[in-house]
Every structure is written in C-alpha cells, then in structure tokens.
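A short worksheet on the structure shown next.
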Amino acid sequence: MSAVGAHDADRRYHVAIVGAGPAGFYAAEALLQASEGVAVDLYDRLPTPYGLVRYGVAPDHPKLKQVITVFRAIAAMAGFRFLGNVTVGRDVSVEDLRRHYHAVIIACGAERDRVLDIPGADLKGVHGGMAFVGWYNGHPYRRSLAPDLSGKTAVVLGLGNVALDVVRILAKPSDALARTDIAAHALETLAASGIERIVVAGRSGPAQARCTEKELREFGTIPGCVTTAEPGHFAASPERGVAAIFSGFPAADAAMGSRHCHFAFGLQPIAILGNDRVSGVRFARSPISEGLPLLGAEVEVDVEADIVIACIGSRATLLPGLPYVGGESFVRNEAGRICDAQGWVPALYAAGWIKRGASGTIGTNRADAVETVGHLLADLPSLPEPTSSVHLLTGAGTSIGRSSISFAQWENIDRAEILGGANHAKPREKITDIAAMILNAGE
Amino acid sequence: MAYVVTDNCVDCRFTQCVAVCPVQCFHADETMVYIDPDNCIDCAGCVEACPVGAIDDEFNLPDDQRYWIEKNRERAAILPRLTGTMDPLPGAEARKAALGL
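Residue numbers (the working numbering), protein chains in the order written: chain D, 9 to 451; chain V, 428 to 528.
Laid out in structure tokens, this is it:
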C-alpha cells in the first residue's frame with residue numbers, strides 16, 4: 009500500500025474531516041477555496057468515498073449519482089487528500105486528530121436506524137431501513153443482513169423517501185434492476201423474491217407524508233406492480249402535493265399485477281407479532297378525518313407480515329466522546345461549532361446529518377457545510393497550533409500511512425468495479441468486501 | 428426531466444437555490460436565474476429553498492408555463508454559472524409580498 013506522501017507543506021493550516029460523504033466533500037471544497045491556505049485530509053472508514061451517494065441513493069436513481077462528478081473535481085483541488093480505510097474512533101481518536109490538526113470537522117452522518125421501540129421489534133425478519141438500503145447498495149458492513157424474502161407479504165413502516173426507495177426495490181421486477189449498480193448479492197435475493205404484497209404503513213395522513221412528489225409518482229409506473237391507496241383518507245380532492253398523487257392511486261384494482269403495493273395511513277405500530285420470527289404487525293389505527301389522523305379514537309388492527317422494514321428515521325453515527333442530543337439524532341452544536349455542557353469544544357466542528365439530523369437533499373449539505381466552514385475560518389487565527397504534525401500521524405511509517413487508501417487508489421477500485429460491471433451490462437459491479445477493495449486498490 | 432425556474436423569480440432572484448444546489452447548475456442574468464437541464468440531477472433541493480416558489484418539476488408545469496423549459500435551457504447555455512448566492516434584486520421583498528408570499 010502506498011505511503012501517504014508529503015502534504016502540501018506551503019499551506020498554513022491543516023484540517024481533518026471525518027466522513028467522505030456529501031457534507032465532507034462540500035466542507036473540503038469550502039476550505040480549499042478559502043484564501044487562508046488550508047490543506048484538507050478527508051477521512052473515511054471505508055476505502056470508498058461518497059458516503060450515502062454510493063451507499064444510500066437507490067441503484068435505479070443513477071441521475072442523482074452524477075453529483076459524483078462534482079466530488080471528483082473537489083478531490084482534484086490542490087491541498088486535498090483522501091484517507092480511506094481509517095476508522096476514526098478505532099484507528100485514531102478524535103482527540104488524536106485534534107492534536108495533529110488545527111481543526112476537525114465531524115461529518116460522518118447518521119447511519120443508525122432509529123429504534124422501533126415496541127414489543128417484538130427484535131424478532132427475526134424485522135429490519136431497519138438504513139440497514140436494508142445499505143444491503144442492496146453493497147455496503148460492506150451490511151452484506152450480512154441477508155433479508156429473507158421468501159414470504160409473500162412485506163410491511164414497510166414509514167412514508168419518507170427511504171421507505172419509498174425500499175418499497176420500490178421490493179416492488180420492481182428484478183429485470184428492471186439488473187442493469188443498475190445494485191449489489192450482486194441483493195439482485196440475486198430479489199430475483200428469487202416471493203414478495204407479492206407490500207403494505208406501506210404511515211402514522212400520518214397522506215398530506216403529511218414526508219416523501220417527495222417525484223419519488224411517489226414513480227409508483228404509477230412500476231411494471232407488473234399495481235399501486236393502491238387507502239380510500240377515504242383525503243380531505244377533499246387535493247390538487248397538489250403528495251396527497252394529490254396518493255389520491256390518484258385507486259382504492260382497489262381488479263386487474264392486479266404480479267405485485268401489489270398498498271399505501272395506508274393513520275397506522276401507529278404497537279407490536280411486532282410472531283414467535284421465532286415475525287408474522288405480523290399490530291397497529292393502533294386512527295380514523296383519518298379531513299386528511300389528519302383523529303387521535304383518541306384508535307382501534308387495534310393486525311396486519312400479516314413475513315418481513316418488516318422500519319424506515320422511521322435515523323440517528324447520528326456514534327463516535328466516542330461526542331455530545332449527542334435529541335435522542336442521539338445529532339451532536340450538540342451552534343451553527344456547526346460542537347458544544348458540550350461546558351460550551352464550545354475548541355477546534356471541533358460538525359457538518360451534515362450529524363450536525364442537523366437526517367434531513368434534506370444532497371445539496372442541503374453544501375449550504376450546511378459552507379456555514380460550518382465559515383465559522384471555522386473565522387476561528388482559525390485564534391485556534392492554538394497543533395501540538396504535533398500531520399506528518400507524524402499520517403506519514404510513511406505510521407500505521408495510517410501504511411493502511412490508508414488514497415484517492416488514486418480508490419480510482420483503481422473504481423476502475424475495477426466498472427470493468428467488473430461491463431460483463432453484466434451494469435454501470436459497475438460494486439466490490440462489497442473490504443479486503444477485496446484493498447486488493448484492487450494497488451500501490 | 429429537470430427542474431425549471433419560472434415567473435416568480437423575475438425581479439426577485441433571491442438565489443437561496445444556488446446555496447443548496449449540489450451540482451451548481453444555476454445560471455443568472457440581470458433579472459432571474461435559470462437551471463441548466465443537462466446538469467440538474469433532479470434532487471429537488473431548490474424547490475423548497477426558493478422563498479417565492481419559482482421552481483418546479485417540469486412535470487407539474489401548466490401549459491401556459493411550459494415555455495420556461497426551453498427558456499431555462501437556452502439562457503443557462505449562454506449565461507455564467509453561479510457559484511454562490513447573490514444579494515436579492517432591489518424590490519425583491521416587495522415583489523415577494525405582492526405575490527402573497
């Protein structure tokens with residue numbers, strides 16, 4: 009593995025960013041454009057950059073992934089280094105980074121599924137949405153999820169865009185996914201799927217669903233799949249927004265396809281049913297009045313399920329010692345300056361989902377990172393000099409120098425994936441095993 | 428299919444859209460901004476960011492607004508790309524109020 013070379017010694021300041029997703033890249037861009045002269049080391053625990061653009065964006069939404077062109081341009085800027093395959097919190101601590109850099113930006117996102125805190129949630133066959141998305145996108149840590157899709161009925165909890173991605177992947181014929189960059193193991197499992205019915209259960213009414221119109225509209229166009237929505241849930245005839253799209257789906261359809269996707273509202277899950285594995289979900293069902301759930305009038309209903317995927321939000325990625333708040337949704341910060349009970353933790357910043365919680369689109373992280381970097385640049389002149397050099401942490405002969413993956417090495421992995429995909433008419437065949445990634449990274 | 432800037436941007440040009448665009452696909456002239464449809468990745472981030480609701484999915488445009496699709500393409504092709512936000516045009520707040528927003 010190549011040692012990390014001497015790093016832009018003519019730049020006055022050195023900043024480490026933890027997490028090479030959108031927030032990390034946009035923070036790097038803002039720092040590298042600044043007149044102060046900043047060199048950036050962008051760390052990721054995986055040998056691969058791009059975070060949720062690679063492991064979150066659905067394989068059948070390739071247009072969104074074109075944002076990678078922008079990230080590649082940022083990676084080519086003077087003063088930029090990628091240090092993949094370095095796990096902050098294990099290989100190096102946040103405290104260590106603060107000793108070697110003028111400032112540290114935490115941008116490692118919100119990878120943990122929000123816990124479905126109801127009886128039975130730990131039964132076999134119950135999965136979190138982030139975990140399921142990581143599985144079909146080939147995230148090395150999610151390969152082992154291996155969901156059992158041999159049953160007939162899937163229940164997806166939630167009406168956000170993650171839920172819609174999961175439902176769409178379950179609903180589409182595997183032929184329609186075969187030429188995407190979906191992970192090979194996922195394509196194989198989906199091709200053998202027995203799922204015929206997908207119930208999408210939201211707590212809210214249709215108008216409060218947090219998905220976007222474009223994603224919802226796609227459900228009218230999935231080959232072989234009939235989409236229906238619970239009738240009687242619409243205030244009047246909604247003219248715009250997601251409610252209008254929901255109301256356009258029929259209440260029932262005589263001409264059923266091979267798959268049926270049904271949207272239902274006012275359903276609060278109260279228990280997962282089953283003995284050794286999930287067999288159903290018990291909901292408190294609120295009648296919907298004027299498009300809103302009517303509280304205090306719930307009745308219990310049980311819905312059959314062979315697999316449950318809970319897309320109910322996510323919590324910040326855990327790093328030891330950070331001040332998590334809001335049910336661990338994000339770290340306490342003031343416009344990006346991380347604060348503990350004593351106030352601002354000097355030289356420590358946050359950007360992206362770990363700063364504001366899991367919300368917004370890819371580009372939201374640009375404005376978010378620019379805000380954080382603005383404060384960082386204002387603080388820079390008054391920040392203490394690091395007590396040790398970046399070279400002593402990452403240079404040849406250090407453990408990071410030996411094991412980290414550079415951007416050039418990632419580009420070798422990238423080429424290997426694209427070559428591997430060409431055999432199957434896929435844009436790439438993702439390598440999903442870290443050892444295999446490192447093997448393909450070269451020197 | 429891309430997103431399209433329409434009427435309400437004229438004489439406002441708040442440019443909050445530019446701050447949240449992941450691919451910097453906005454271009455501007457003296458009166459408004461335009462989206463380069465070949466560069467837009469359909470993330471929809473700008474739709475919510477716009478304080479005057481000027482941006483929409485081209486799918487949603489009523490017939491009398493569809494000319495904006497071609498106009499965005501034509502103008503974006505010849506105008507400079509915006510890399511950051513600008514001050515709104517003078518009178519932007521008044522126009523926003525006049526739009527009932």
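The beta-carbon is built from N, C-alpha and C at its ideal position, and this holds for glycine as well.
Just so you know, these numbers come straight off a predicted model, no measurement behind them.
| Asked | Found |
| --- | --- |
| Nearest candidate by alpha-carbon position, reference G450/D, set I82/D, V175/D, D422/D | D422/D |
| Cβ neighbour criterion (16 or more within 10 Å) applied to P148/D | buried |
| Reference T395/D, options V48/D, Y51/D, Y109/D, F33/D, closest by Cα | Y109/D |
| With 16 other Cβ atoms within 10 Å as the buried cut-off, status of S390/D | exposed |
| Candidates W361/D, Q216/D, L400/D, A430/D: closest to Y34/D by CA position | W361/D |
| Cβ separation of A192/D and A115/D, assumed to be a contact under 8 Å, to the nearest whole Å | Between A115/D and A192/D the Cβ distance is about 30 Å, and since that is not below 8 Å, they are no contact. |
| Amino acids of chain D, ordered along the chain, whose beta-carbon sits closer than 8 Å to that of G472/V | G368, T369, I370, G371, T372 |
| Contact set between P464/V and chain D, taken where Cβ atoms lie within less than 8 Å | In chain order: nothing, as chain D lies at least about 11 Å away. |
| Among W495/V, D438/V, R508/V, nearest to K523/V - alpha-carbon criterion | D438/V |
| Sequence-distant residues of the same chain with beta carbon closer than 6 Å to G166/D, five excluded per side | C319, I320 |
| Residue-level contact to chain D via CB, C448/V, 8 Å cutoff | yes |
| L105/D versus R89/D - alpha carbon distance | 15 Å |
| Beta-carbon proximity check, N487/V vs I462/V, cutoff 8 Å | no |
| Chain V residues whose Cβ lies nearer than 9 Å to that of A30/D | The sequence given here has Pro at residue 30/D, not Ala. Ordered by position in chain V, the residues that pass the 9 Å Cβ test against P30/D are P449. |
| Reduced DSSP category for H399/D - H, G, I as helix; E, B as strand; rest coil | helix |
| Per-residue burial, D49/D [other beta carbons within 10 Å of its own, 16 or more giving buried] | buried |
| Three-state secondary structure (DSSP) of N341/D | strand |
| T433/V, buried or exposed, once every other Cβ within 10 Å from all chains shown has been counted against 16 | buried |
| Proximity test, Cβ basis, 8 Å: L72/D and chain V | yes |
| Chain V contact for K3/D (CB, 8 Å cutoff) | Outside the shown range of chain D, which is 9 to 451, sits residue 3/D, and nothing can be said about it. |
| Near-chain C residues of the segment 69–102 of chain D - C-beta to any C-beta below 7 Å | Included in the structure are the protein chains D and V, with no chain C among them. |
| Ranges of the beta strand (DSSP E) found wholly within the segment 117–151 of chain D, counting only runs of at least 3 | 134–136 |
| Short Cβ contact (8 Å threshold) for E238/D with F271/D | yes |
| Validate contact between the segment 176–187 of chain D and the segment 321–329 of chain D using beta carbons, cut 8 Å, 3 pairs | no |
| Within chain V, partners of V378/D - CB distance below 8 Å | A446 |
| Local conformation of R211/D per DSSP, three classes | coil |
| Residues bridged to C495/V [DSSP beta-bridge criterion] | Reading off the sequence, residue 495/V comes out as Trp, not Cys. W495/V pairs with nothing; no bridge assigned. |
| L40/D and I370/D closer than 8 Å at C-beta | no |
| Delimiting residues of the beta strand (DSSP E) encompassing G429/D | Segment 415–430 is the alpha helix (DSSP H) holding G429/D; no beta strand (DSSP E) there. |
| Straight-line gap, E393/D to A386/D (C-alpha atoms, nearest Å) | 15 Å |
| Buried or exposed by the 16-neighbour rule on C-beta atoms within 10 Å, applied to E196/D | exposed |
| Residues near A83/D by beta carbon distance below 6 Å, same chain, minus five either side | F415 |
| A162/D vs A313/D beta-carbon contact at 8 Å | yes |
| Secondary structure of V311/D, DSSP reduced to three states | strand |
| Where V75/D sits in the DSSP three-state scheme | helix |
| Members of the segment 473–484 of chain V that neighbour chain D once the beta carbon cut-off is set at 9 Å | C473, V474, E475, A476, D484 |
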